[in-house]
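In what follows, a structure is listed as structure tokens, so that the remarks can point back to it.
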Amino acid sequence: MEYILDTADLEAIKHCNEFYPLAGVTTNPSIIAKENTDFWTLVKNIRDIIGPDKLFFAQTVQKTADKMVEEACLLNEKTGGKFCVKIPISEEGLKATKRLKQLGIKVLVTAIFTPAQALIAARAGADYVAPYVNRLDNIIGDGCYVVSEIVKQFNIYNLPCKVLAASFKNAELVHKCAVAGCHCVTVTDDILKAVLSHPMTDAAVEGFEKDWESVYGDKTILDF
Ligand code: E4P
36 MEYILDTADL EAIKHCNEFY PLAGVTTNPS IIAKENTDFW TLVKNIRDII
86 GPDKLFFAQT VQKTADKMVE EACLLNEKTG GKFCVKIPIS EEGLKATKRL
136 KQLGIKVLVT AIFTPAQALI AARAGADYVA PYVNRLDNII GDGCYVVSEI
186 VKQFNIYNLP CKVLAASFKN AELVHKCAVA GCHCVTVTDD ILKAVLSHPM
236 TDAAVEGFEK DWESVYGDKT ILDF
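Numbering-wise, the numbering used here puts 173 at position 138 of the sequence shown, and it's gapless, one number per residue.
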């Protein structure tokens, strides 16, 4: 399973790109609006940090298929490097997805809440679908179960579409998606940190340091 960062915060992107095995960065209109800055400058800054080989996802803000396609082409051209346009699931979105596939532009169909939505998006040619895990849990749904059903469907029908699960509240939901066979998750920097943190790890490392220092003081292996 690949890890993608769900933010447009440049400091968070810089940090996570340096320390974590990131496959890319996802944004959506809410995430971009939170930064409240010039759109293209922000996109360029993100691309400069992650480089051309990591995927950058930006969402169209258009409502009709023709305009979605126009905006996706502009985003693809101006973003440079590996790019994938995000399109919310709808009739217009499916029409735009089919057209963009012909044009060779990668598409993620987003705002997915049911396996049926995911299947039809994959049939339209989506490269990725993004089910919203925590938002489903918030309405007493089961986001991880929906993710597992989508993975199952894509396997049954041998569809190349990848499941990129989004909307996470904690590291446990990320783990549940991983064991369900989800291909990628997009998470905030806080969730990434939570994935690798464990109090037993801290205690183990503290023990190693204490035992070493009791014999060798502040000498390290480099000093021998
Ligand atoms: C990503 O593409 C989604 O837009 C995002 O993960 C939604 O997360 P939220 O439910 O925390 O807003």
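Glycine is no exception: its CB is placed at the ideal position from the N, C-alpha and C atoms.
Cβ of residue i within 8 angstroms of any heavy atom in the ligand E4P?
i: T221; result: yes
i: S232; result: no
i: Y167; result: yes
i: F203; result: yes
i: F91; result: no
i: S65; result: yes
i: D41; result: yes
i: F134; result: Residue 134 is actually Arg in this sequence, not Phe. R134: no, Cβ never under 8 angstroms from the ligand E4P.
i: T145; result: yes
i: K121; result: yes
i: T72; result: no
i: R170; result: yes
i: T95; result: no
i: T114; result: no
i: T255; result: no
i: T99; result: no
i: T236; result: no
i: T76; result: no
i: T149; result: no
Are the CB atoms of residue i and residue j nearer to each other than 9 angstroms?
i: G160; j: V168; result: no
i: V142; j: A153; result: no
i: A131; j: A107; result: yes
i: Y38; j: L208; result: no
i: T277; j: A93; result: Since the first residue shown for the chain is 36 and the last is 259, residue 277 is missing from the structure and cannot be characterised.
i: V164; j: I140; result: no
i: I122; j: T95; result: yes
i: A298; j: V230; result: The structure shown has nothing for residue 298, since the chain only spans 36 to 259.
i: G116; j: R82; result: yes
What does the Cβ neighbour count give for residue i, buried or exposed, with the cut at 16 atoms within 10 Å?
i: S202; result: buried
i: S183; result: buried
i: Y192; result: exposed
i: P166; result: buried
i: I256; result: exposed
i: L90; result: buried
i: L138; result: exposed
i: A239; result: exposed
i: G59; result: buried
i: A215; result: buried
i: I283; result: Within the shown structure, residues of the chain are numbered from 36 to 259, placing residue 283 beyond reach of any answer.
i: D88; result: exposed
i: L110; result: buried
i: P150; result: buried
*Can you find at least 3 beta carbon pairs, one from the segment 240-249 and one from the segment 215-229, that sit closer than 8 angstroms?*
no
*asked:* Taking contact to mean 3 or more Cβ pairs, one atom from each stretch, closer than 8 angstroms, check whether the segment 57-76 and the segment 98-107 are in contact.
replied: no
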